[in-house]
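**Q** Quick note: the sequence shown uses the numbering used here, first residue 1353, plus one each step. Below is a structure I'd like to ask you about.
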Amino acid sequence: MPTPIGIVCSGASESSATVVLYDGMEKEVKNESLVLIRNRNGGNVLAVCRGGLGINESLRTGAFTPGVAYAKSRRVPSSVKEYFLFKLQVIGEINDNGISQNKIIIAPTSTVELFTDEDSPMQYLSKSDLYIGHYWGKPSWRVPVLKEYINYHIGVFGITGSGKSYLTRYEIIPLLRRAGYDVIVMDWKGSDYATYFEYVLALNEIKVDNQTVVKYFSSITRNFGYIDREENPVAAAVETSLRQVDWRGRNPEQSRQLVLQRAKAILNESSGVKEETRKLQVSRLESSFEIITEEEFEKFLGTIEPWEIFAKAKDKGILVIDMSRGIKEQKLAVFLAITKYLKRLMENKQVLNIAIVIDEGPQYAPWQPRGMERDTTDMIMELCALGRSYGLSIVILSQGMAGEIGLNAAVRRNLNTQFIGRIHPLDVEEAQKLAASYYISPETMLTLPEGHFYFLGRMNPSPIPLLISFQIR
């Protein structure tokens, strides 16, 4: 049974209140403790304690008082006028169906009670049979999740060492599987997931479509010497050559020579082009292929098609793409190849029931995308839009929330559920915007212990963020 800890002070509303604690209860009640308000105006209200305050009238500042004089002389003033407060953020009114918005003003002098370990207040939030982690400090209080909002997409934010990968590996991925989703994990470093799951594909095993290969070659050759021109004859010749020549499945040197010679022939055979212009085009092609070496071709000799990756994920349940052996543009190219296929399926109205976990999200969708990053950023936004209707869930991990260290703002707006761990100091301003309405101080978010996350958004049955943690099993 909940334990009485205090009463509501003057100034309460239907969405917030302040509790003055009974003597001694300041040692029992903590920030983020869940409480029950027995509203004298009717109903029981579930709330969370945030923003504690200790007050001693004898030690008020701004004037020289006897209490200050005592403190100056190294003596302790009287504690008779000392009391402790906590702000209460209302979650909702408890009723037969769980929780609903509280619309009745909380009466001053209403009793406030603290839930004990034996209680189970999470049952009021939802009847869902899906859970993630547990409420802070209470391993038996499993936090329910609303399954219908999984495909409204998920963001996991926190600095290095905050526990993002652990949360994803031990809680989010198992949750997705229990909810009926198969999972493709894009493991950027190849160390956070590839070594923990059975079915892994290496980056260079995957077949990348010709258009994406050309975009990659363009990115490393400054658009084949045409710099800012979107389209150019050399890029078109290379793309045509890639389509016409059987270059995959060979050694890199053979593949490179086949594509180069065919592209050169295409340029030489083009009609209506001045000889001087043709020579310039061939020269730019040859110069570009000094940069496009055998090593560059080797990155794209994989033969596993995107449809095979999709089929294997559906068959095995969880498939990890180990992206450690490749430069950034190659990783983005593989991501585009896979997601183009998924996008095409959704455009054909196929329900996927699959989730894509994107590690190191700002590598794909930074705040100011350039080059291939523009393509991956646009692709993620399109996947988010289609995924809500066709059973695709995007899960993005990021060290930062906004600005140079964070995700692209347009992408972030599509992540309707968020898990926020310890934030980077550069994200304080963003945290203030987020936490201002919930009595969560930026200082709290800067000092969260490893493995602790505020859970907020559509998947959370609580209208306010809940502090969760989890156990590694």
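We put the beta carbon where it would ideally sit given N, CA and C, even for glycine. Small disclaimer: the values here were computed from a predicted structure and weren't measured.
(1) Using only the alpha-carbon positions, how far apart do asparagine 1391 and leucine 1688 sit?
(2) Do you know offhand how far lysine 1516's Cα is from serine 1410's?
(3) Give me, in chain order, the residues of the same chain whose beta-carbon lies closer than 6 Å to that of valine 1780; leave out the 5 immediate sequence neighbours on both sides.
(4) Do methionine 1724 and leucine 1555 have their C-beta atoms within less than 7 Å of each other?
(5) Looking at tyrosine 1791: is its Cβ nearer than 7 Å to the Cβ of lysine 1490?
(6) Taking 8 Å as the threshold, find out whether the segment 1364-1382 comes into contact with the segment 1456-1464 through three or more Cβ pairs.
(7) Assuming alanine 1707 contacts valine 1747 under a Cβ cut-off of 8 Å, what Cβ separation, rounded to an integer in Å, is found between them?
(8) Under DSSP, the beta strand (DSSP E) around tyrosine 1487 begins and ends at which residues?
(9) Run through DSSP, which three-state label would aspartate 1561 get?
(10) Once DSSP output is grouped into helix, strand and coil, what is the label at methionine 1698?
(11) What is the residue span of the alpha helix (DSSP H) that aspartate 1667 lies within?
(12) Any idea which residues DSSP pairs proline 1473 with across the strands?
(13) For the pair the segment 1568-1585 and the segment 1697-1705, tell me if three or more CB-CB distances fall below 8 Å.
(14) Please give the ranges of any beta strand (DSSP E) in the segment 1722-1757, keeping only runs that are unbroken, at least 3 residues long and fully inside the region.
(15) Taking 7 Å as the limit between beta carbons, can you name the residues of its chain near leucine 1477, skipping five residues before and five after?
(16) With a CB to CB cut of under 7 Å and the five nearest residues on each side skipped, what residues in its chain are close to tryptophan 1488?
(17) Taking the alpha carbon of glutamate 1782 as the point to measure from, which residue in Asp1534, Ala1754, Gly1485 has its own alpha carbon closest?
(18) Along the chain, where does the beta strand (DSSP E) that runs through leucine 1405 open and close?
(19) From the DSSP output, which residues share a beta bridge with arginine 1494?
(20) Count the other CB atoms, across all protein chains shown, that sit within 10 Å of the CB of aspartate 1539; report buried if there are 16 or more and exposed otherwise.
(21) Just mark asparagine 1766 as buried or exposed, buried being the case when its beta carbon has 16 or more other beta carbons within 10 Å.
(22) Measure the beta-carbon distance from leucine 1735 to threonine 1691 and round it to whole angstroms, keeping in mind my assumption that it falls under 8 Å.
(23) What are the boundary residues of the alpha helix (DSSP H) that valine 1703 is part of?
(24) Which word fits valine 1428, buried or exposed, when buried means at least 16 other C-beta atoms lie within 10 angstroms of its C-beta?
(25) Determine the DSSP secondary structure at isoleucine 1572, reduced to helix, strand or coil.
(26) Would you identify the three-state DSSP class for glutamine 1770, choosing helix, strand or coil?
(27) Can at least three beta-carbon pairs, one atom from the segment 1658-1677 and one from the segment 1546-1564, be found at a separation below 8 Å?
(28) Going along the chain, which residues of its own chain have a beta-carbon closer than 6 Å to the beta-carbon of valine 1537, five neighbours each way excluded?
(29) Rounded to whole angstroms, what's the CA-CA distance from isoleucine 1661 to phenylalanine 1467? Just pull it up for me.
(30) Between the alpha carbons of asparagine 1700 and aspartate 1727, how many angstroms are there, rounded?
(31) Could you name the residues that DSSP lists as bridge partners for alanine 1554?
(32) Would you decide whether isoleucine 1407 is buried or exposed? Buried here means 16 or more other CB atoms lie within 10 Å of its CB.
(33) Ends of the beta strand (DSSP E) at phenylalanine 1436?
(34) What are the partner residues of glycine 1358, as DSSP defines its beta bridges?
(35) Based on the DSSP secondary-structure assignment, which residues constitute the bridge partners of glycine 1809?
(36) Rounded to a whole number of angstroms, what is the C-alpha to C-alpha distance between isoleucine 1506 and glutamate 1500?
**A** In short, the structure shows the following:
(1) Here residue 1391 refers to the residue found at position 39 of the sequence shown. Here residue 1688 refers to the residue found at position 336 of the sequence shown. In a straight line, the C-alpha of asparagine 1391 is about 55 Å away from that of leucine 1688.
(2) Numbered from 1 along the sequence shown, position 164 holds the residue referred to as residue 1516. Numbered from 1 along the sequence shown, position 58 holds the residue referred to as residue 1410. Straight-line Cα distance between these residues: approximately 45 Å.
(3) As a first step, residue 1780 is located in the sequence shown; it is residue number 428 there, counting from the start. Pro1794, listed in sequence order.
(4) What you label residue 1724 is simply residue 372 of the sequence shown in a count that begins at 1. What you label residue 1555 is simply residue 203 of the sequence shown in a count that begins at 1. No.
(5) Counting from 1 along the sequence shown, the entry for residue 1791 is found at position 439. Counting from 1 along the sequence shown, the entry for residue 1490 is found at position 138. For tyrosine 1791 and lysine 1490, no; Cβs fall outside 7 Å.
(6) yes
(7) As a first step, residue 1707 is located in the sequence shown; it is residue number 355 there, counting from the start. As a first step, residue 1747 is located in the sequence shown; it is residue number 395 there, counting from the start. Alanine 1707 to valine 1747, Cβ: 6 Å. Contact.
(8) Here residue 1487 corresponds to residue number 135 of the sequence shown, with the count starting at 1. Here the beta strand (DSSP E) through tyrosine 1487 covers 1483-1487.
(9) Taking the sequence shown and counting its residues from 1, the one referred to as residue 1561 is at position 209. If DSSP states are grouped into helix, strand and coil, aspartate 1561 belongs with coil.
(10) As a position in the sequence shown, residue 1698 is number 346, starting the count at 1. In this structure, methionine 1698 counts as helix in the three-state DSSP scheme.
(11) Translated into positions along the sequence shown, residue 1667 becomes position 315. First-last of the alpha helix (DSSP H) with aspartate 1667: 1658-1668.
(12) Start at 1 with the first residue of the sequence shown, and residue 1473 comes out as number 121. Per DSSP, none; premise fails for proline 1473.
(13) no
(14) 1744-1750
(15) For the purposes of this step, residue 1477 is identified with residue 125 of the sequence shown, where counting begins at 1. Excluding sequence neighbours, leucine 1477 sits near Gly1450, Ile1451, Pro1496, Pro1813, Ser1814.
(16) The sequence position of residue 1488 within the sequence shown is 136, counting from 1. Closer than 7 Å at Cβ, skipping near neighbours: Glu1384, His1804, Leu1819, Ile1820, Ser1821.
(17) Locating residue 1782 in the sequence shown gives position 430, counting from the first residue. Residue Ala1754 is the option with its Cα nearest to glutamate 1782.
(18) Position 53 of the sequence shown, counted from the first residue, corresponds to residue 1405. Looking at the DSSP string, the run of the beta strand (DSSP E) that includes leucine 1405 is 1396-1408.
(19) Numbered from 1 along the sequence shown, position 142 holds the residue referred to as residue 1494. The partner list for arginine 1494 (beta bridge, DSSP) reads His1486.
(20) As a working mapping, residue 1539 is identified with position 187 in the sequence shown. Buried: at least 16 other Cβ atoms inside 10 Å.
(21) Along the sequence shown, one-based indexing puts residue 1766 at 414. Burial call: buried.
(22) Here residue 1735 refers to the residue found at position 383 when the sequence shown is read from its first residue. Here residue 1691 refers to the residue found at position 339 when the sequence shown is read from its first residue. At roughly 6 Å, the Cβ-Cβ gap stays under 8 Å, so leucine 1735 and threonine 1691 are in contact.
(23) Here the question's residue 1703 lines up with position 351 in the sequence shown. That residue, valine 1703, is in no alpha helix (DSSP H); it is neither H nor E in DSSP.
(24) Against the sequence shown, residue 1428 aligns to sequence position 76. Exposed.
(25) Within the sequence shown, residue 1572 is the residue found at index 220, counting from 1. Correct three-state label for isoleucine 1572: helix.
(26) Here residue 1770 is taken as the residue at index 418 of the sequence shown, counted from 1. Strand.
(27) yes
(28) On the sequence shown, residue 1537 is found 185 positions in, with the first residue counted as 1. Cβ within range, chain order: Tyr1545, Val1672, Val1709.
(29) For the purposes of this step, residue 1661 is taken as residue 309 along the sequence shown, with counting starting at 1. For the purposes of this step, residue 1467 is taken as residue 115 along the sequence shown, with counting starting at 1. Roughly 48 Å between the two C-alpha positions.
(30) One-based indexing of the sequence shown puts residue 1700 at position 348. One-based indexing of the sequence shown puts residue 1727 at position 375. The alpha-carbon atoms of asparagine 1700 and aspartate 1727 are separated by roughly 21 Å.
(31) By 1-based counting over the sequence shown, the position of residue 1554 is 202. DSSP, once it has assigned bridges, lists Asp1674 as partnering alanine 1554.
(32) Your numbering for residue 1407 matches position 55 in the sequence shown. Label assigned to isoleucine 1407: exposed.
(33) Taking the first residue of the sequence shown as position 1, residue 1436 is located at position 84. That run of the beta strand (DSSP E) goes 1434-1447.
(34) One-based indexing of the sequence shown puts residue 1358 at position 6. Glycine 1358 pairs with Leu1373, Val1464.
(35) Along the sequence shown, read from residue 1 onward, the residue named residue 1809 stands at position 457. Glycine 1809 pairs with Thr1769.
(36) For this step, residue 1506 is matched to residue 154 along the sequence shown. For this step, residue 1500 is matched to residue 148 along the sequence shown. Each residue's alpha carbon lies about 13 Å from the other.
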